[in-house]
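Here the structure comes first, spelled out in structure tokens, and everything after it is commentary.
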Amino acid sequence: MKILVTGGTGYIGSHTVVELQQQGFEVVIVDNLSNSQASVVDAIEKISGVRPLLEVFDLVDKEKTADFFHQHNDIKGVIHFAAFKAVGESVAKPLLYYRNNLVSLMNILESMGENKVENLVFSSSCTVYGQPDELPVSEKAPIKKAESPYGNTKQISEEVIQDTLKSLPLKAIALRYFNPIGAHESALIGELPLGVPNNLVPFITQTAIGIRQQLNVFGDDYNTPDGTAVRDYIHVVDLAQAHVVAVKRMIENRMKHNFEIFNLGTGNGFSVLEVIKSFEKVSGEKLNYKIVGRRAGDVEQVWADPSWSNEELGWKAKKSLDEMNASAWKWEKAYRGKE
Ligand code: UFG
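When we follow the numbering used here, the leftmost residue of the sequence shown carries the number 71, and every step to the right adds one.
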């Protein structure tokens, strides 16, 4: 059974391709390689023993997208990861984000309709909840006004999908990710941020390996147990596995509604200092870090209520924070040729 994975050479995409292949799915990747490398396909093949087909083009190009779907008329489902995701950059370049993230989605939906592809899994984000009024945050929590154009593209995308499936025989599952970190146990694939990382764990591993001088901890005056901000970190392989479960749920016609939303988190919140402590413990490295001021746009604390995903999907995140950090560190060292 053939699944299209857009953004399949990216961080979450590549881990999902591996899990799909290991469950017997045939995978076709579409990626424009704007934030990833074609060699990721070699790494995927090393892990799974199967080389996924990679088609390099931009899904913002409507004609190319239409041609692709005509050529691959046996696609049963689409997992749509391909999108820009840097919060800060989206503030500086909003139109780039709206065009890239929304036009590509619209092109995919149109082609899915024309070719009678009925199953879509969409990459959404806990960013749609903003700073929730109640914690842990469940799927029933209200959507808050987005803090950034990036976050807004995720909110609008969910709405575009919901409106579209009223007019097409389409089913969709939106997966709202909390904070994915870590890497595949093989250390052959992982997160590869271009330039200076924005996110905490790649910044930690790059500091520990000596590429960055020091980690700045953004704020210790939050209303949290140690004053630093709290997030729900989830291992990327746990996250990837949830996509396979979602695809099977759709294909096997087990959905309760034609649009479903699931939180993908562990249900545990950890502070920035707790992440650092865990990293130092599993790596044996002393991390050079300094407390600085808050980062604009950061929420104080957010963690998931994953009970709906656990019950309905029969999926549960398994890996601990220590395992997440250990795998991120193993990947960083392998990538830099240090081990
Ligand atoms: N942090 C630091 N120092 C750093 C980087 C991050 O202290 O160098 C802190 C942040 O302030 C935050 C925590 O570590 O408290 C996690 O930050 P990340 O950047 O790793 O993750 P975010 O929670 O900010 O970002 C996530 C997703 C985005 C999403 C965003 C919405 O990665 O895709 O949540 O808030 F848009």
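For glycine and all other residues, C-beta sits at the position ideal for the given N, C-alpha and C.
Host beta strand (DSSP E) of residue i (start-end)
i      : result
Tyr273 : The identity of residue 273 in the sequence shown is Phe, whereas the question assumes Tyr. Careful: Phe273 lies outside any beta strand (DSSP E), inside the alpha helix (DSSP H) at 270 to 279.
Glu209 : Premise fails: Glu209 is in no beta strand (DSSP E) and is neither H nor E.
Ile145 : 145 to 150
Ala244 : 241 to 247
Glu330 : 329 to 334
Thr76  : 72 to 76
Lys403 : Where Lys403 is concerned, there is no enclosing beta strand (DSSP E), although the alpha helix (DSSP H) it sits in stretches over 391 to 405.
Leu175 : Element bounds for Leu175: not the beta strand (DSSP E) but the alpha helix (DSSP H), 174 to 184.
Glu96  : 96 to 101
Asn286 : 285 to 288
His305 : 303 to 305
Glu125 : 123 to 126
Ile114 : No beta strand (DSSP E) contains Ile114, which is instead part of the alpha helix (DSSP H) from 110 to 118.
Ile361 : 359 to 362
Whole-angstrom distance between residue j and residue i, CA atom to CA atom
i      : j      : result
Asp144 : Val130 : 22 Å
Ala253 : Lys389 : 11 Å
Tyr292 : Pro239 : 46 Å
Asn189 : Lys236 : 14 Å
Thr294 : Val271 : 20 Å
Val306 : Ile82  : 6 Å
Ala211 : Met182 : 30 Å
Asp233 : Gly280 : 48 Å
Glu255 : Leu334 : 20 Å
Thr79  : Glu115 : 12 Å
Val345 : Arg282 : 18 Å
His313 : Glu393 : 21 Å
Lys351 : Asp308 : 22 Å
Asp128 : Gly354 : 42 Å
Pro206 : Ile226 : 24 Å
His140 : Lys186 : 11 Å
Ile231 : Asp203 : 26 Å
Asn323 : Leu383 : 13 Å
Phe288 : Asp296 : 13 Å
Tyr303 : Asn338 : 8 Å
Terminal residues of the alpha helix (DSSP H) in which residue i lies
i      : result
Thr234 : 219 to 234
Gly158 : 157 to 162
Val88  : 81 to 92
Ser193 : From DSSP, Ser193 is part of no alpha helix (DSSP H) but of the beta strand (DSSP E) over 189 to 195.
Glu381 : 377 to 383
Val213 : As written in the sequence, residue 213 is Ile, which differs from the Val given in the question. That residue, Ile213, is in no alpha helix (DSSP H); it is neither H nor E in DSSP.
Ile346 : 342 to 353
Gln141 : 132 to 141
CB contact flag (residue i, residue j, <7 Å)
i      : j      : result
Ser160 : Ser218 : yes
Ser194 : Ala156 : no
His142 : Val98  : yes
Thr76  : Ala152 : yes
Asn395 : Phe349 : yes
Ala387 : Thr275 : no
Trp385 : Glu209 : no
Thr277 : Asp290 : no
Asn268 : Arg301 : no
Lys146 : Lys241 : no
Phe192 : His150 : yes
Lys132 : Asn170 : no
Ser84  : Ile259 : yes
Val148 : Glu125 : no
is_contact[residue i, chain D] using C-beta, thresh 7 Å
i      : result
Glu402 : Given the protein chain composition of this structure (a single chain), no chain D is represented.
Closer than 6 Å: residue i CB and nearest ligand 2 heavy atom
i      : result
Lys215 : This structure lacks ligand 2; the ligands present are ligand 1.
Query - Stretch pair the region 85 to 93 + the region 310 to 319: three plus CB contacts closer than 8 Å - result: Yes, the region 85 to 93 is in contact with the region 310 to 319.
Requested in this report: Assess, as a yes-or-no matter, whether the region 360 to 367 is touched by the region 386 to 405 under the definition of 3 or more beta carbon pairs within less than 8 Å.
Outcome: The region 386 to 405 and the region 360 to 367 do not touch, with fewer than 3 CB-CB distances between them shorter than 8 Å.
Report task. Flag this pair as touching only if the region 193 to 209 and the region 366 to 376 have three or more C-beta atom pairs under 8 Å; answer yes or no. Result -> Judged by Cβ distances under 8 Å, the region 193 to 209 makes contact with the region 366 to 376, as three or more pairs qualify.
Query raised in the report: Any contact of the region 215 to 230 with the region 164 to 172, i.e. 3+ C-beta pairs under 8 Å?
Result: Inter-segment contact for the region 215 to 230 and the region 164 to 172 is present: three or more beta-carbon pairs are separated by less than 8 Å.
Query raised in the report: Taking three-plus beta-carbon pairs below 8 Å as touching, is the region 254 to 265 in contact with the region 104 to 115?
Result: As far as the Cβ criterion goes, the region 254 to 265 touches the region 104 to 115, which means the pair count is three or higher.
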